[in-house]
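Input: a single structure, listed below in structure tokens.
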Amino acid sequence: GQNIDQPTEMTATEGAIVQINCTYQTSGFNGLFWYQQHAGEAPTFLSYNVLDGLEEKGRFSSFLSRSKGYSYLLLKELQMKDSASYLCAVMANNNDMRFGAGTRLTVKP
Amino acid sequence: DVKVTQSSRYLVKRTGEKVFLECVQDMDHENMFWYRQDPGLGLRLIYFSYDVKMKEKGDIPEGYSVSREKKERFSLILESASTNQTSMYLCASSDGTGSYEQYFGPGTRLTVT
Numbered sequence: 001g002q003n004i005d006q007p008t009e010m011t012a013t014e015g016a017i018v019q020i021n022c023t024y025q026t027s028g029f030n031g032l033f034w035y036q037q038h039a040g041e042a043p044t045f046l047s048y049n050v051l052d053g054l055e056e057k058g059r060f061s062s063f064l065s066r067s068k069g070y071s072y073l074l075l076k077e078l079q080m081k082d083s084a085s086y087l088c089a090v091m092a093n094n095n096d097m098r099f100g101a102g103t104r105l106t107v108k109p
Numbered sequence: 001d002v003k004v005t006q007s008s009r010y011l012v013k014r015t016g017e018k019v020f021l022e023c024v025q026d027m028d029h030e031n032m033f034w035y036r037q038d039p040g041l042g043l044r045l046i047y048f049s050y051d052v053k054m055k056e057k058g059d060i061p062e063g064y065s066v067s068r069e070k071k072e073r074f075s076l077i078l079e080s081a082s083t084n085q086t087s088m089y090l091c092a093s094s095d096g097t098g099s100y101e102q103y104f105g106p107g108t109r110l111t112v113t
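If you want it as structure tokens, here you go:
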């Protein structure tokens, strides 16, 4: 079976750093994705990791450890507009994506 | 820019009605997906398609069927709508050749009364 776990909610302060964790157990692995979804909108792509290590893209970074079935999304210099849900997704077999339930992040002034 | 469009943003149907949700993408993507999104459950895969006339079941196919007669169009069909199918339905596409990023449509909020 497929299991992807991430915290339901997190709160952080504007300007701070927040780390959103994701653990997964899937049959096969072809990559891990992070998506951002603002309320009432469609998810938009943030990052993709297929090899172990850290991928940095501006204020956002994503880390993967395949042996541990673990990833995190790191958001630096938080802004109010970063308040959104963050979805962890695993591609278990080619083109077949499974999503976690999402982490709702609230950024406070 | 990739554009994925869905036929309706909001839809209200009665129990037992047959419902068609249409999705069109304009980037010649091979792969198309249908998800439903419910609070606390996240995105759940209903069906996906690798190519024209091909379809694969996702995690929750019961009560749904799909059709992909043309590469750009992927339809989700609720044969006999039920109240537990009230949800947000999201369509996505990806090119599946090295870049597996999925592009999502704006979603259709379906209410079955």
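Protein sequences appear in the order of chains A and B.
Under our numbering, residues 1 to 109 are what the first sequence spells out, in order.
Under our numbering, residues 1 to 113 are what the second sequence spells out, in order.
In this text, a Cβ means the ideal position worked out from N, Cα and C, and glycines have one as well.
Here the structure is a predicted model, which is why all the values come from computation and not from measurement.
Should residue i and residue j be called a contact, given that it needs their Cβ atoms to be closer than 8 Å?
i: Q37/A; j: S83/A; result: no
i: I17/A; j: L73/A; result: no
i: M27/B; j: S75/B; result: no
i: V66/B; j: K53/B; result: no
i: V4/B; j: Q25/B; result: yes
i: L87/A; j: L64/A; result: no
i: N49/A; j: E55/A; result: yes
i: A39/A; j: L105/A; result: no
i: Y89/B; j: I77/B; result: no
i: E62/B; j: F45/A; result: no
Let me make sure I understand the geometry here. Which of the options has the alpha-carbon closest to that of residue i?
i: L84/B; options: G96/B, F104/B and L110/B; result: The displayed chain sequence assigns Asn, not Leu, to residue 84/B. Comparing Cα positions, the closest option is L110/B.
i: C22/A; options: A16/A, G31/A, A12/A and Q6/A; result: Q6/A
i: W34/B; options: M97/A, A12/A and Y48/A; result: M97/A
i: Q6/B; options: Y100/B, C91/B, T97/B and E101/B; result: C91/B
i: F60/A; options: F29/A, W34/A, R66/A and T8/A; result: W34/A
i: K71/B; options: R9/B, L21/B, Y100/B and N31/B; result: N31/B
i: E77/A; options: G15/A, N49/A, T11/A and I4/A; result: G15/A
i: Y47/B; options: L21/B, P39/B and G40/B; result: L21/B
i: V112/B; options: D26/B, V19/B, Q37/B and P61/B; result: V19/B
i: S47/A; options: G58/A, L105/A and G69/A; result: G58/A
i: S8/B; options: C23/B, G40/B, Y50/B and K57/B; result: C23/B
i: Q79/A; options: K108/A, F99/A and G100/A; result: K108/A
i: A92/A; options: A12/A, T11/A, Q25/A and T13/A; result: Q25/A
i: S82/B; options: Y10/B, T15/B and L11/B; result: T15/B
i: E17/B; options: L11/B, E79/B and Q102/B; result: E79/B
i: Q2/A; options: F29/A, G53/A, M10/A and D52/A; result: F29/A
i: P39/B; options: E9/A, V50/A and T44/A; result: E9/A
i: Y103/B; options: E69/B, H29/B and E62/B; result: H29/B
i: R73/B; options: L45/B, K13/B, Y50/B and G63/B; result: Y50/B
i: L51/A; options: Y70/A, T44/A, A39/A and F45/A; result: Y70/A
i: F99/A; options: S87/B, D95/B, R68/B and D59/B; result: D59/B
i: V12/B; options: T97/B, D95/B, G96/B and T86/B; result: T86/B
Round the Cβ separation of residue i and residue j to the nearest angstrom and send it over; I've been treating them as touching at under 8 Å.
i: G42/B; j: G102/A; result: 5 Å
i: G105/B; j: A89/A; result: At roughly 16 Å, the Cβ-Cβ gap does not stay under 8 Å, so G105/B and A89/A are not in contact.
Would you kindly report the start and end of the unbroken beta strand (DSSP E) that includes residue i?
i: T44/A; result: T44 to N49
i: L73/A; result: Y70 to L75
i: R68/B; result: Y64 to K70
i: I4/A; result: N3 to D5
i: S61/A; result: F60 to S65
i: G131/A; result: Since the first residue shown for chain A is 1 and the last is 109, residue 131/A is missing from the structure and cannot be characterised.
i: M97/A; result: D96 to F99
i: N93/A; result: A84 to N93
i: D38/B; result: N31 to D38
i: R104/A; result: T103 to K108
i: L11/B; result: Y10 to K13
i: S82/B; result: Element bounds for S82/B: n/a, residue is neither H nor E.
i: G159/B; result: The shown model of chain B, from 1 to 113, leaves out residue 159/B, and the question about it has no answer.
i: M88/B; result: S87 to S94
i: E22/B; result: V19 to Q25
i: L110/B; result: T108 to V112
i: V4/B; result: V4 to Q6
Any heavy atom of the ligand MN closer than 7 Å to the beta-carbon of residue i?
i: V107/A; result: Within the structure as shown, the ligand MN is missing, as the structure has no ligands at all.
Within the segment 3–31 of chain A, ranges of the beta strand (DSSP E) (whole runs, at least 3 residues): 3–5, 9–13 and 18–25
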